[in-house]
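The letter at position 115 of the sequence shown is residue 115 when you use full-length UniProt numbering, and the numbering goes up by one with no holes.
All remarks here apply to the structure that follows.
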Amino acid sequence: MSVLVIAEQRNGALREAALEAMTAGRELADALDGECTAVLLGGPGIEDEAEALGRHGADNVLVASDDALAGYAPESYTEVLGRLIEERGPKAVVFAASALGKDLAPRVAARIGAGLASDVTELGSQDGGLYAVRPVYAGKALLRVGFKDSPALASIRPRAYSAQENPRDGQVEKVDVELDPERKRSEVRVEEGEKKGRPDVAEAEAIVSGGRGMQGPENWNLLEDLAEALGPKTGLGASRAVVDAGWRPHSEQVGQTGKVVSPPLYIAIGISGAIQHLAGMRTARCIVAINKDPEAPIFKVADYGIVGDAFEIVPRLSEEIKKLRSEG
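Below is the structure:
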């Protein structure tokens, strides 16, 4: 076995981040001329998701199914994965750098005594060794790191890879789960669902994000209308100042203390562009900034900038997008 991919699920369904990690793992396995194996942890019936992993490049799928794994339980997940990695001896282990992955990957790395590169945008092999590329200094530079020993652990930044179908056998192997109840100290029992059908910002194909320039939560309908015009795969984001003020939920916060995103399109409205916010979105492929302050730092990273009143620009932008979509 060359590469092991930890496939994240929520409520029994694979997350988009799992398929992106699967694509990264498949590419790395091909570079190593080896196999790519997915690991799927969850409650009874989780094996039904194995077919999607095979479709996205898994030669094999290891399924650990148990009621104790239905919700995220840090100690239980770490115990199962640590044992599997030690038994199978992969060269690399790939996680998604989601909220769950950022908690789980360091736990597993500490358990098995392995090196971990987090929030990675590229994984590769050179001269028989593995390397990872990750943003540093709030995204102002890219750092290339190597691994001294195997296995090399890495968590993939959401949207750094696009999920690609690469059909393989996806042979399912069930793994015995033997958990020590004394080691279980916590578990996630309830997860808040996504509102209004909008995707999580970490998985959205486009994000409409607002800052203090929106002047209050009562004006967020302008951003919601723009997101609606762009399509159902558009998420709503917010700056830290907005979340701290209680205008929007923390699940929408983009930035160093929120979620790090890399969508194809990021629209920042009324966001000045503090370094903490830029650290969470500057790797987006296309950044559009709308701000009435021409000196706002956000314009330094924007591909397109509009200087003006968001309350005039955003409704017109939504209207024009709706026209284009109706004509198409």
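Cβ coordinates follow ideal geometry from the N, Cα and C atoms, glycine included.
Between Ala-114 and Pro-167, the C-beta gap is not smaller than 8 Å, which leaves the two residues out of contact. Between Glu-27 and Ala-17, the C-beta gap is not smaller than 8 Å, which leaves the two residues out of contact.
For Lys-259, the beta-bridge partners assigned by DSSP are Val-254. Collapsing the DSSP output to three states places Pro-217 in a helix. Rounded to whole angstroms, the separation of the alpha carbons of Asp-149 and Pro-90 is 11 Å. Residue pairing of Phe-95 in beta bridges, as defined by DSSP: Ser-155.
Straight-line measurement puts the Cα of Thr-234 at about 27 Å from the Cα of Glu-51.
Counting along the chain, the unbroken alpha helix (DSSP H) around Lys-322 starts and ends at 310-327. Inside the region 43-117, DSSP marks whole beta strand (DSSP E) runs of 3 or more residues at positions 60-65, 92-96, from first to last along the chain. Per DSSP, Ile-271 lies in no beta strand (DSSP E) and is assigned neither H nor E. Contact between Ile-269 and Ile-290 holds: their C-beta atoms lie close to 5 Å from each other, under 8 Å. Short of 8 Å from the beta carbon of Glu-173, and not among the five residues preceding or following it, lie these beta carbons of its own chain, in chain order: Asn-60, Val-61, Leu-62, Val-63. Counting C-beta atoms within 10 angstroms of its own C-beta, Gly-101 has 16 or more neighbours from the protein chains shown and is therefore classed as buried. Straight-line measurement puts the Cα of Glu-312 at about 11 Å from the Cα of Glu-319. One alpha carbon belongs to Tyr-131, the other to Ala-24, and they sit about 13 Å apart. Under DSSP, the beta-bridge partners assigned to Cys-36 are Val-3. Bounds of any alpha helix (DSSP H) do not take in Ala-204, whose DSSP letter is neither H nor E. Boundaries of the alpha helix (DSSP H) around Thr-23: 16-31.
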